[in-house]
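Structure first, then comments.
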Amino acid sequence: MVLMKQQRFLFGDSPSSETPEEDRQPIAEPVDQAPQDKVPGRKEIKPDQQEPEIFSVSQIVNRIKFSMEKQFSEIWIQGEISNLRIAPSGHCYLTLKDAGSQISAVCFKAGLNRLKFDPEDGLEVVARGKISVYAPRGQMQLIVDTMEPVGHGALQLAFEQLKEKLAKEGLFDSAAKKPLPQLPSRVGIVTSPTGAAIQDILRVLKRRNDRVDILIFPTRVQGDSAAREISRGIRELNRRGGLDVIIIGRGGGSLEDLWPFNEEIVARAVYDSNIPIISAVGHEIDFSISDFVADLRAPTPSAAAEMVAGARSELVDRLEHLRSRIIRAVGFRIQQKREAHSRLISRRGFLDTHSRLAMISQRLDELALRLNSAAGQLIPPLKTSLGQLEKALPLSVAHYMRKSRSEWENLENKLNAFSPLNVLKRGYSIVNSESTGELVRDPMQVEDGERIVVTVSKGSFTARRE
Amino acid sequence: MELKDFEKSLKRLEEIVGKLEDGELTLEDSLKLFEEGTKLSKSCEKQLNQAQRKVEMLVKDEDGELQEVPFEVDGEEPGGSS
Numbered sequence: 001m002v003l004m005k006q007q008r009f010l011f012g013d014s015p016s017s018e019t020p021e022e023d024r025q026p027i028a029e030p031v032d033q034a035p036q037d038k039v040p041g042r043k044e045i046k047p048d049q050q051e052p053e054i055f056s057v058s059q060i061v062n063r064i065k066f067s068m069e070k071q072f073s074e075i076w077i078q079g080e081i082s083n084l085r086i087a088p089s090g091h092c093y094l095t096l097k098d099a100g101s102q103i104s105a106v107c108f109k110a111g112l113n114r115l116k117f118d119p120e121d122g123l124e125v126v127a128r129g130k131i132s133v134y135a136p137r138g139q140m141q142l143i144v145d146t147m148e149p150v151g152h153g154a155l156q157l158a159f160e161q162l163k164e165k166l167a168k169e170g171l172f173d174s175a176a177k178k179p180l181p182q183l184p185s186r187v188g189i190v191t192s193p194t195g196a197a198i199q200d201i202l203r204v205l206k207r208r209n210d211r212v213d214i215l216i217f218p219t220r221v222q223g224d225s226a227a228r229e230i231s232r233g234i235r236e237l238n239r240r241g242g243l244d245v246i247i248i249g250r251g252g253g254s255l256e257d258l259w260p261f262n263e264e265i266v267a268r269a270v271y272d273s274n275i276p277i278i279s280a281v282g283h284e285i286d287f288s289i290s291d292f293v294a295d296l297r298a299p300t301p302s303a304a305a306e307m308v309a310g311a312r313s314e315l316v317d318r319l320e321h322l323r324s325r326i327i328r329a330v331g332f333r334i335q336q337k338r339e340a341h342s343r344l345i346s347r348r349g350f351l352d353t354h355s356r357l358a359m360i361s362q363r364l365d366e367l368a369l370r371l372n373s374a375a376g377q378l379i380p381p382l383k384t385s386l387g388q389l390e391k392a393l394p395l396s397v398a399h400y401m402r403k404s405r406s407e408w409e410n411l412e413n414k415l416n417a418f419s420p421l422n423v424l425k426r427g428y429s430i431v432n433s434e435s436t437g438e439l440v441r442d443p444m445q446v447e448d449g450e451r452i453v454v455t456v457s458k459g460s461f462t463a464r465r466e
Numbered sequence: 001m002e003l004k005d006f007e008k009s010l011k012r013l014e015e016i017v018g019k020l021e022d023g024e025l026t027l028e029d030s031l032k033l034f035e036e037g038t039k040l041s042k043s044c045e046k047q048l049n050q051a052q053r054k055v056e057m058l059v060k061d062e063d064g065e066l067q068e069v070p071f072e073v074d075g076e077e078p079g080g081s082s
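Residue numbers (our numbering), protein chains in the order written: chain A, 1 to 466; chain B, 1 to 82.
Okay, structure coming up:
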């Protein structure tokens, strides 16, 4: 009898109605399909009597399978994952359990690949699928179409899982991060050409009047192909070279919308980039995987543009500041010269040269005035429009300075030619009456005992006529 | 790389301004420094402004090669991909 049962088992059948489901069972070794529905001879024994129907094991298993699949064709089961194992075939075997029971489950490769997160032991999930029976072992199992982690969304979980994985690999290490160049002039942008992000970035750069060239690599920023396009964009811009920084990003949206920036393929491309990358995804509160890998995270696309513009404007400010100082310093030198000359002129006695010197002094005044006004102009527009200033001022100042330099040289020469100091240098001295200030050309101009002022090359002193 | 030169230029410019502000130079030396300073600030300016404010987008041409084409800033999409 025992032997017989075994034989029946070996010859067990598989009802034809089940065939479509067969291919969904990857590890199901094809059961011998001998069409042996009934044990021969049995039924004929007593046709009139209600003999109990006797099934082969295969028969009953397949019947149960059939009826279960019919009854539980699309059910949702919540339970905790345990004994999870991914077979070399790519299919995933696991047990779903709760406090009282457990059920085996299988998730086939295709379904597994569609999951955003990686199922793992201990995770509470809701699985959708149908109940079936794995005939070779007569084992009931849940064939999982899809599952969702309980508590957090699948995307949230996937985010955490990828974040942990990449962190372990060191993709977020600050040592690997490249600094933003201080003088970015060519900016690559990987984003949608029709999205909010590109408009925001361009608006900011325009408002900041920033001098940068922009190269856009257009991609989708949501949907299935987006991540692939974004990573291709990053690699392409790297291949082309010549860029100082790359901004990747998009405007705000749901977690699903922002998802491409949470995909591994994008993270890897960002990490591999030789050009510093600013990740600017969604709003301030949105963090994406690409934010963590990127060299710099900007809370929004506008903020990314501000970063680019800010780095430059710091240098522009420094330069402008130095420029105004240099003009002021030279202006001050003119002022000094002018004062020196007025002192000289005010010396009584140089009446004959006085008017000429005064004229020259006046020209120095003029020069100083013009210089001061050039310096003065430099400051207020700095506050209003740096860009206009950048354009207009340096040219005019440089031009003006070139001109004024030759004027100065002229003046210097003239001053030297006219200067009585040159005469004094040769050993002559000039005598003025102390009381009247008159230049003394005749001894008769001065009475005995009158005090005089003697000016020599290096200074002057008083003396008395004896 | 260009930034290094830029930084160097700014440093030198700072030095020049410092010397000019000290006021201990002759007028002739002041002018020489002033001229150098003007040159430096001009070259810095040039570096800052080497970009032309071009806005371009990469678009595939008929041969599937990526070409840089001007990008319309005001939101209209130029006949581009995706």
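Think of the CB as a built atom: it goes at the ideal place given N, C-alpha and C, for glycine as much as any other residue.
Beta-carbon proximity of residue i to residue j, cut-off 7 Å
| i | j | result |
| --- | --- | --- |
| VAL475 (chain A) | TRP76 (chain A) | One cannot answer for residue 475 (chain A) here, as it falls past the ends of chain A, which runs 1 to 466. |
| LEU94 (chain A) | ALA105 (chain A) | yes |
| ARG250 (chain A) | GLY188 (chain A) | no |
| ILE278 (chain A) | ALA311 (chain A) | no |
| GLY223 (chain A) | LEU258 (chain A) | no |
| LYS165 (chain A) | ASP295 (chain A) | no |
| VAL190 (chain A) | PHE217 (chain A) | yes |
| LEU243 (chain A) | ARG186 (chain A) | yes |
| PRO299 (chain A) | GLU284 (chain A) | yes |
| ASP213 (chain A) | LYS54 (chain B) | yes |
| LEU180 (chain A) | TYR271 (chain A) | no |
| GLU56 (chain B) | LEU205 (chain A) | no |
Continuous beta strand (DSSP E) stretch holding residue i: start and end
| i | result |
| --- | --- |
| ASN83 (chain A) | 75-86 |
| PHE217 (chain A) | 213-218 |
| ALA280 (chain A) | 277-281 |
| ILE492 (chain A) | Outside the shown range of chain A, which is 1 to 466, sits residue 492 (chain A), and nothing can be said about it. |
Close-in-space but distant-in-sequence residues of the same chain around residue i (CB under 6 Å, 5 per side omitted)
| i | result |
| --- | --- |
| ASP121 (chain A) | ILE81, SER82 and LEU84 |
| ARG451 (chain A) | GLU434, THR462 and ARG464 |
| ASP448 (chain A) | ARG465 |
Cutoff 7 Å; reference residue i; Cβ partners in own chain excluding five residues on either side
| i | result |
| --- | --- |
| ASN238 (chain A) | SER273, ASN274 and ILE275 |
| ASP22 (chain B) | none |
| GLU36 (chain B) | ILE16 |
| LYS425 (chain A) | SER457 |
| CYS44 (chain B) | PHE6, SER9 and LEU10 |
| GLN25 (chain A) | Confidence in GLN25 (chain A) is poor, its pLDDT being 47 and thus under 50, which makes the residue's placement too unreliable to answer from. |
Residue environment, residue i, which counts as buried when at least 16 other CB atoms sit within 10 Å
| i | result |
| --- | --- |
| ASP5 (chain B) | exposed |
| GLY18 (chain B) | exposed |
| GLU229 (chain A) | buried |
| ALA175 (chain A) | exposed |
| LYS8 (chain B) | exposed |
| GLN78 (chain A) | exposed |
| ASP352 (chain A) | Summary for ASP352 (chain A): the model assigns pLDDT 47, below 50, so the residue's position carries little reliability; its value from the coordinates is reported in the next sentence. Label assigned to ASP352 (chain A): exposed. |
| THR26 (chain B) | exposed |
| PRO301 (chain A) | buried |
| TYR428 (chain A) | exposed |
| LEU395 (chain A) | Residue placement at LEU395 (chain A) is flagged as unreliable, the pLDDT there being 49, under the threshold of 50; a coordinate-derived value is accordingly withheld. |
| LYS60 (chain B) | exposed |
| ASP442 (chain A) | exposed |
Enclosing alpha helix (DSSP H) for residue i [first to last residue]
| i | result |
| --- | --- |
| ASP200 (chain A) | 196-207 |
| GLN71 (chain A) | 57-71 |
| ARG240 (chain A) | 226-240 |
| ASN113 (chain A) | 109-114 |
| GLU53 (chain A) | Unbroken run through GLU53 (chain A): none, as it is neither H nor E. |
| ILE289 (chain A) | 289-293 |
| LEU155 (chain A) | 154-169 |
| LEU180 (chain A) | Per DSSP, LEU180 (chain A) belongs to no alpha helix (DSSP H) and is neither H nor E. |
heavy atom of the ligand MG below 6 Å from residue i C-beta
| i | result |
| --- | --- |
| ARG12 (chain B) | Here there are no bound small molecules, and the ligand MG is not part of this structure. |
Cross-chain neighbours of residue i in chain E, by beta carbon under 7 Å
| i | result |
| --- | --- |
| GLY37 (chain B) | Among the protein chains in the structure shown, which are A and B, there is no chain E. |
DSSP beta-bridge partners of residue i
| i | result |
| --- | --- |
| THR95 (chain A) | A:SER82 and A:SER104 |
| GLY64 (chain B) | DSSP lists no partner for GLY64 (chain B). |
| GLY129 (chain A) | A:ILE75 and A:VAL144 |
| THR462 (chain A) | A:VAL453 |
| LEU58 (chain B) | B:GLU68 |
| GLU124 (chain A) | A:GLU80 |
| GLY249 (chain A) | A:ALA280 |
| ILE430 (chain A) | A:THR455 |
| TYR134 (chain A) | A:GLN139 |
| PRO467 (chain A) | This structure cannot settle anything about residue 467 (chain A), because the visible part of chain A is limited to 1 through 466. |
| LEU439 (chain A) | A:ASN432 |
| ARG297 (chain A) | A:SER279 |
Contacts around residue i, its chain only, beta-carbon distance under 8 Å, and the 5 residues preceding and following it disregarded
| i | result |
| --- | --- |
| PHE117 (chain A) | PRO149, ALA154, LEU155, LEU157, ALA158 and GLN161 |
| GLN139 (chain A) | SER104 and VAL133 |
| LEU20 (chain B) | SER30, LEU33, PHE34 and GLY37 |
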